[in-house]
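Novice:
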Amino acid sequence: MTPAINLLKKKKVLYTVHQYKHDSSVESYGLEAAKKLAVDAHRIYKTLVVSLSDKTLAVAIISVESNLSLKLVAKALKSKKASMAGVEDVLRSTGYVLGGVSPLGQKKKLKTIIDESAQSFESIYVSAGQRGLEVEISPFDLAELTQARFVEIINPAV
Numbered sequence: 000m001t002p003a004i005n006l007l008k009k010k011k012v013l014y015t016v017h018q019y020k021h022d023s024s025v026e027s028y029g030l031e032a033a034k035k036l037a038v039d040a041h042r043i044y045k046t047l048v049v050s051l052s053d054k055t056l057a058v059a060i061i062s063v064e065s066n067l068s069l070k071l072v073a074k075a076l077k078s079k080k081a082s083m084a085g086v087e088d089v090l091r092s093t094g095y096v097l098g099g100v101s102p103l104g105q106k107k108k109l110k111t112i113i114d115e116s117a118q119s120f121e122s123i124y125v126s127a128g129q130r131g132l133e134v135e136i137s138p139f140d141l142a143e144l145t146q147a148r149f150v151e152i153i154n155p156a157v
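Each residue of the sequence shown is one higher than the one before, starting from 0 at the first, in numbering that gives the first Met the number 0.
1) Note down, in chain order, each residue of its chain lying with its Cβ closer than 6 Å to the Cβ of residue 149, except the 5 sequence neighbours on either side.
2) Using beta-carbon positions only, say whether residue 51 and residue 32 come within less than 7 Å of one another.
3) For residue 137 and residue 101, which I take to be in contact (beta-carbon distance under 8 Å), what is that distance rounded to the nearest angstrom?
4) Identify which residue in 15, 10, 84 has its Cα closest to the Cα of residue 121.
5) Which residue or residues does DSSP assign as beta-bridge partners of residue 50?
6) Taking the alpha-carbon positions, what's the residue 104 to residue 13 distance?
7) Among 60, 45, 133, which has the Cα closest to the Cα of residue 4?
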């Protein structure tokens, strides 16, 4: 079991684990999950770690079909600016490798925000802590477990 699944068990939150065979040649882990699990990609959410102006890290959770707005993330987290965190920083702070970063069960407690679009679904899919493993959970349970709030953090459709 992963730290994410252990946390869900401990907190007695309703969830479903979905597993698929990960193809290491794939470039988009989220779109691979949507295809292999036969789920609308709008319901698959990716966990992105960002670095803020003061060098602290934070988590932004958005649909795999969306693009993160670093400007909106900075505004939501009251920072002058935000940038994507480096691979080593992500691994060190979360304990997870890229493509398997779960918003749950991370090594360090990071500020977390979830794109407001998640609220329109009864359940969403997020990484369960390794490539090829997703957990389906209520977005409201996810927000409660991560102490996150819902805000607009994606670039508007062009």
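Think of the CB as a built atom: it goes at the ideal place given N, C-alpha and C, for glycine as much as any other residue.
Specialist: If we stick to the structure as given:
1) Here residue 149 is taken as the residue at index 150 of the sequence shown, counted from 1. Closer than 6 Å at the Cβ level, and outside the excluded window around residue 149, lie 113, 115, 118.
2) To locate residue 51, count along the sequence shown from 1; it is residue 52. To locate residue 32, count along the sequence shown from 1; it is residue 33. Contact: no.
3) Position 138 of the sequence shown holds residue 137. Position 102 of the sequence shown holds residue 101. Not really, about 16 Å apart at Cβ, beyond 8 Å.
4) Indexing the sequence shown from 1 puts residue 121 at position 122. Among 15, 10, 84, the Cα nearest to that of residue 121 is on 15.
5) Locating residue 50 in the sequence shown gives position 51, counting from the first residue. Its beta-bridge partners are 56, 82.
6) Sequence index remark: in the sequence shown, residue 104 carries index 105 (1-based). Sequence index remark: in the sequence shown, residue 13 carries index 14 (1-based). A direct Cα-to-Cα measurement between residue 104 and residue 13 gives close to 16 Å.
7) Translated into the one-based positions of the sequence shown, residue 4 becomes position 5. Across the set 60, 45, 133, the C-alpha of 133 shows the shortest separation from the C-alpha of residue 4.
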